[in-house]
Amino acid sequence: MAQGSEDLEFHATENSRGTRKRVLSCISEMSVLRVHTLWVNKAFTTPHLQSEVALLGLFGTEMARWIEKTLRKTTDEQVIMIFDSVLTARQQKAFLKAVKPILSNLGVPYRVLFHPVKQDLNGQIADYFSWATFRSLERNDCEAAKQLNNAVTWDYSNLFNEKREICWVRPK
148 MAQGSEDLEF
158 HATENSRGTR
168 KRVLSCISEM
178 SVLRVHTLWV
188 NKAFTTPHLQ
198 SEVALLGLFG
208 TEMARWIEKT
218 LRKTTDEQVI
228 MIFDSVLTAR
238 QQKAFLKAVK
248 PILSNLGVPY
258 RVLFHPVKQD
268 LNGQIADYFS
278 WATFRSLERN
288 DCEAAKQLNN
298 AVTWDYSNLF
308 NEKREICWVR
318 PK
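Okay, so the sequence shown: first residue is 148 according to my numbering, each after it adds one.
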């Protein structure tokens with residue numbers, strides 16, 4: 148806004164190069180961040196996970212497991228998991244079914260919220276980490292990922308072992 152922008156919604160793929168540069172710089176200065184990125188190569192998705200609901204359940208479960216492993220003994224604060232509100236009611240239900248049992252074991256209060264992330268600071272930060280991951284994996288452009296990785300605690304994992312058989316071919 149200080150640079151004259153009237154756009155309050157940030158989405159890394161839609162932002163100009165200058166906006167991305169300023170946002171990446173701001174995020175890199177946030178030393179309190181801890182980020183975990185989960186990703187999959189859809190080509191290795193087995194048939195029973197090829198629906199959005201099934202894949203979303205897998206992501207939800209893995210996110211909850213990471214939170215449990217990372218925070219179980221380090222915090223007594225509340226865990227808040229924010230997921231984009233573009234999900235349908237059915238998708239939200241599948242996600243909650245996957246994550247609630249694991250989050251219940253944390254021993255701390257938790258909340259799962261569905262909220263539009265394009266205008267949420269945390270959602271925008273997560274979007275930039277996702278964009279940087281995508282750029283490094285799909286286009287071998289690691290510049291943004293290196294900048295973020297040097298500034299914050301960031302780990303990431305592929306949910307599928309790439310040595311598996313290709314199960315899903317993109318329609319032409």
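C-beta: ideal position from N, C-alpha, C; glycine also.
From a predicted model like this one, the values you see are computed outputs, not experimental measurements.
H262, DSSP secondary structure in three states: What you label residue 262 is simply residue 115 of the sequence shown in a count that begins at 1. Of the three classes helix, strand and coil, the one that applies to H262 here is coil, per DSSP.
Cβ-Cβ separation, R181 to T300 (assumed contact under 8 angstroms), whole Å: Position 153 of the sequence shown, counted from the first residue, corresponds to residue 300. Position 34 of the sequence shown, counted from the first residue, corresponds to residue 181. Indeed they touch by this definition, with Cβ atoms about 5 angstroms apart.
Coarse secondary structure for V226, derived from DSSP in three states: If you number the sequence shown from 1, residue 226 lands on position 79. In the three-state DSSP reduction, V226 falls in the strand class (E or B).
Segment limits, alpha helix (DSSP H) that includes R169: Looking up residue 169 in the sequence shown gives position 22. R164 to S175 is the extent of the alpha helix (DSSP H) around R169.
H195 in three-state terms, based on DSSP: Locating residue 195 in the sequence shown gives position 48, counting from the first residue. DSSP places H195 in helix when its eight states are reduced to three.
Alpha carbon of L202 to alpha carbon of N188, nearest angstrom: For this step, residue 202 is matched to residue 55 along the sequence shown. For this step, residue 188 is matched to residue 41 along the sequence shown. Between the C-alpha atoms of L202 and N188 there is a straight-line separation of about 12 angstroms.
DSSP beta-bridge partners of W301: Taking the first residue of the sequence shown as position 1, residue 301 is located at position 154. As a beta-bridge residue in DSSP terms, W301 pairs with V182.
V226 and L243 closer than 9 angstroms at C-beta: Numbered from 1 along the sequence shown, position 79 holds the residue referred to as residue 226. Numbered from 1 along the sequence shown, position 96 holds the residue referred to as residue 243. No.
Same chain, Cβ closer than 7 angstroms to K319, neighbours up to 5 away in sequence not counted: In the sequence shown, the residue the question calls residue 319 occupies position 172. Below a pLDDT of 50, predicted positions are generally treated as unreliable, and K319, at 49, falls in that range; the measurement from the model is reported next regardless. Cβ-Cβ distances below 7 angstroms link K319 to nothing in the same chain once the five nearest sequence neighbours on each side are left out.
Endpoints, the alpha helix (DSSP H) within which K240 is located: As a working mapping, residue 240 is identified with position 93 in the sequence shown. Residues A236 to S251.
Whole-angstrom distance between K247 and I214, CA atom to CA atom: The sequence position of residue 214 within the sequence shown is 67, counting from 1. The sequence position of residue 247 within the sequence shown is 100, counting from 1. Cα to Cα, I214 sits roughly 12 angstroms from K247.
Span of the alpha helix (DSSP H) around D274: Taking the sequence shown and counting its residues from 1, one reaches residue 274 at position 127. Counting along the chain, the unbroken alpha helix (DSSP H) around D274 starts and ends at L268 to E285.
Test item: CB-CB of F230 and V259 under 9 angstroms: As a working mapping, residue 230 is identified with position 83 in the sequence shown. As a working mapping, residue 259 is identified with position 112 in the sequence shown. With contacts defined by Cβ atoms closer than 9 angstroms, F230 and V259 form a contacting pair.
G254 burial status per 10 Å Cβ neighbour count (16 or more: buried): Locating residue 254 in the sequence shown gives position 107, counting from the first residue. It counts as exposed.
Own chain, CB closer than 6 angstroms to H95, minus 5 neighbours either side, in chain order: An answer regarding residue 95 cannot be provided, because it is not within the stretch 148 to 319 covered by the chain.
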